[in-house]
Amino acid sequence: MIVDIHSHTPKYKDAVPPEQIHFNTVWRPDRPVQLPYSWNDYMRAMQPVDRAVVFDVASLSQSGRVDNPNDGTAEFVRAFPHKLIGFMSVHPYDPGCLDEIERSISDLGLRGIKLGPNYQNFDPLGEGAFRVYRRAQELGLPILFHTGTSPMREAPLDYAHPRHFDVIAGAFPELRMVLAHMSHPWQSSAVAVIRKHPHVYADISGLFYRQWSFYNCMRLAEEWGVLPKLLFASDYPVSTAQENLDALRKPNQAIEGSHLPRISEAAMEEIIYRDSLSLLGLA
Ligand SMILES: [Zn+2]
Numbered sequence: 001m002i003v004d005i006h007s008h009t010p011k012y013k014d015a016v017p018p019e020q021i022h023f024n025t026v027w028r029p030d031r032p033v034q035l036p037y038s039w040n041d042y043m044r045a046m047q048p049v050d051r052a053v054v055f056d057v058a059s060l061s062q063s064g065r066v067d068n069p070n071d072g073t074a075e076f077v078r079a080f081p082h083k084l085i086g087f088m089s090v091h092p093y094d095p096g097c098l099d100e101i102e103r104s105i106s107d108l109g110l111r112g113i114k115l116g117p118n119y120q121n122f123d124p125l126g127e128g129a130f131r132v133y134r135r136a137q138e139l140g141l142p143i144l145f146h147t148g149t150s151p152m153r154e155a156p157l158d159y160a161h162p163r164h165f166d167v168i169a170g171a172f173p174e175l176r177m178v179l180a181h182m183s184h185p186w187q188s189s190a191v192a193v194i195r196k197h198p199h200v201y202a203d204i205s206g207l208f209y210r211q212w213s214f215y216n217c218m219r220l221a222e223e224w225g226v227l228p229k230l231l232f233a234s235d236y237p238v239s240t241a242q243e244n245l246d247a248l249r250k251p252n253q254a255i256e257g258s259h260l261p262r263i264s265e266a267a268m269e270e271i272i273y274r275d276s277l278s279l280l281g282l283a
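Residue numbering for the sequence shown follows this note's numbering, beginning at 1 and increasing consecutively.
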């Protein structure tokens with residue numbers, strides 16, 4: 001079974017009106033990403049995988065207005081229950097965020113949490129965030145964090161650095177966490193964190209289209225013995241599951257003809273078929 005543990009909820013249930021279509025050119029160096037996308041676009045892109053975790057990100061405006069995206073995710077998941085697993089998102093500075101966690105489980109059937117401390121502009125080591133981690137640990141909800149850089153100027157870089165998750169895992173040793181994108185380009189710091197903590201993992205989305213750092217981080221993961229902590233993911237719509245499968249099946253493309261050490265092709269196949277749902281308590 002192939003599980004994609006990182007994808008984003010479509011904004012459109014039906015076809016996207018042509019006048020809404022635009023292209024993001026900063027996320028990837030190799031091709032633009034078409035936005036927005038529909039339920040059908042998403043399901044077509046997910047054909048190569050058996051199960052997919054899907055979520056959106058909650059935001060909090062300057063005026064204190066919370067935008068919880070969880071109803072939209074739940075509606076999408078209800079339409080494709082055999083394929084999709086929905087995660088909620090909350091904002092730790094929202095006074096009602098613990099109630100939203102309860103509602104997202106009991107009313108909406110969502111099974112984990114997505115947080116992006118840099119995009120949501122909250123301190124990942126602050127009191128509000130710790131309240132969310134504590135409840136997630138009590139309820140057995142895994143948390144997938146955006147980690148690593150972002151091209152958005154207003155998103156504070158430091159909040160997405162993997163070193164903070166060493167502290168969080170120390171305080172909440174039973175909490176299942178995923179560091180998205182292996183915290184690119186701080187993959188070596190992510191390796192240090194996932195090596196230490198039994199329940200902290202990293203996803204491999206967003207890595208393959210920078211060939212040299214992809215090669216390096218897979219070698220680092222192999223040398224430090226953390227390949228079993230890497231989970232398959234696409235970050236759709238930024239990339240598709242098929243693109244990631246193709247890249248994992250050609251891991252030595254960047255070094256062909258050189259004497260550099262090769263990445264184990266068998267280990268890449270293990271990432272593709274990893275039982276991420278069991279590891280995160282979602283089986
Ligand atoms: Zn993402």
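For each residue, glycine too, the CB sits at the ideal point set by N, CA and C. As the structure is a prediction and not an experimental result, all values here were calculated from the model.
Could you check which residue in the options has the C-alpha nearest to that of residue i?
i      : options                       : result
Lys250 : Met268, Gly281, Ser258        : Met268
Pro117 : Thr149, Ala283, Gly96         : Thr149
Lys229 : Phe55, Asp275, Arg262         : Asp275
Ile101 : Pro81, Lys83, Tyr133          : Tyr133
Thr9   : Asp235, Arg176, Ser205        : Asp235
Ile2   : Tyr119, Leu245, Gly86         : Leu245
Leu189 : Ala160, Phe172, Pro198, Asp71 : The sequence given here places Ser at residue 189; Leu does not occur at that position. Here the closest residue by C-alpha is Ala160.
Ala283 : Gly96, Leu227, Pro156, Ile85  : Ile85
Phe130 : Gly96, Pro32, Ala171, Phe145  : Ala171
Met43  : Leu207, Glu138, Val33, Ala241 : Ala241
Phe76  : Ser7, Arg103, Arg28           : Ser7
Pro32  : Ser278, Glu270, Ser239        : Ser239
Asp233 : Ala45, Val57, Tyr215          : According to the sequence provided, residue 233 is Ala. The question's Asp does not apply to it. Considering only alpha carbons, the answer is Ala45.
Asp123 : Phe145, Arg103, Val16         : Phe145
Leu227 : Glu127, Glu270, Arg135        : Glu270
Met218 : Ser264, Gly257, Glu256        : Ser264
Glu256 : Arg28, Tyr215, Leu277         : Tyr215
Given a cut-off of 7 Å on the beta-carbon distance, is the pair residue i and residue j in contact?
i      : j      : result
His91  : Leu60  : yes
Tyr37  : Pro237 : yes
Phe55  : Lys114 : yes
Val193 : Val200 : yes
Gln187 : Ala254 : no
Pro142 : Gly112 : yes
Asp203 : Val178 : yes
Pro198 : Val26  : no
Val49  : Asp107 : no
Ala79  : Tyr119 : no
Arg224 : Arg262 : In the sequence as displayed, the identity of residue 224 is Trp instead of Arg. For Trp224 and Arg262, no; Cβs fall outside 7 Å.
Ser213 : His181 : no
Arg176 : Leu280 : yes
Ala266 : Phe208 : no
Ser104 : Thr147 : no
Under a Cβ-count criterion, where at least 16 other Cβ atoms within 10 Å of its own Cβ denotes burial, should residue i be classed as buried or exposed?
i      : result
Met88  : buried
Leu260 : exposed
Ala52  : buried
Tyr273 : exposed
Ile168 : buried
Glu243 : buried
Gly64  : exposed
Asp30  : exposed
Phe23  : exposed
Ile21  : exposed
Asp94  : buried
Pro18  : exposed
Leu139 : exposed
Pro69  : buried
Pro173 : exposed
Does chain D have any CB closer than 7 Å to the CB of residue i?
i      : result
Ser234 : In summary, chain D is missing from the structure at hand, where a single protein chain is found.
Minimum length 4: unbroken alpha helix (DSSP H) runs contained in the region 149-214
List check, alpha helix (DSSP H) in window: 163-171, 187-196.
If we require 3 or more residues per run, which beta strand (DSSP E) segments fall completely within the region 113-146?
Taking 3 residues as the minimum length, the beta strand (DSSP E) runs contained wholly in the region 113-146 are 113-115, 143-145, in order along the chain.
May I have a chain-ordered list of the alpha helix (DSSP H) segments no shorter than 4 residues that lie completely inside the region 210-256?
Whole alpha helix (DSSP H) segments, 4+ residues: 211-223, 241-248.
Minimum length 3: unbroken beta strand (DSSP E) runs contained in the region 11-71:
Restricted to the region 11-71, the beta strand (DSSP E) segments that are unbroken, complete and at least 3 residues in length are 22-24, 33-35, 51-55, listed in chain order.
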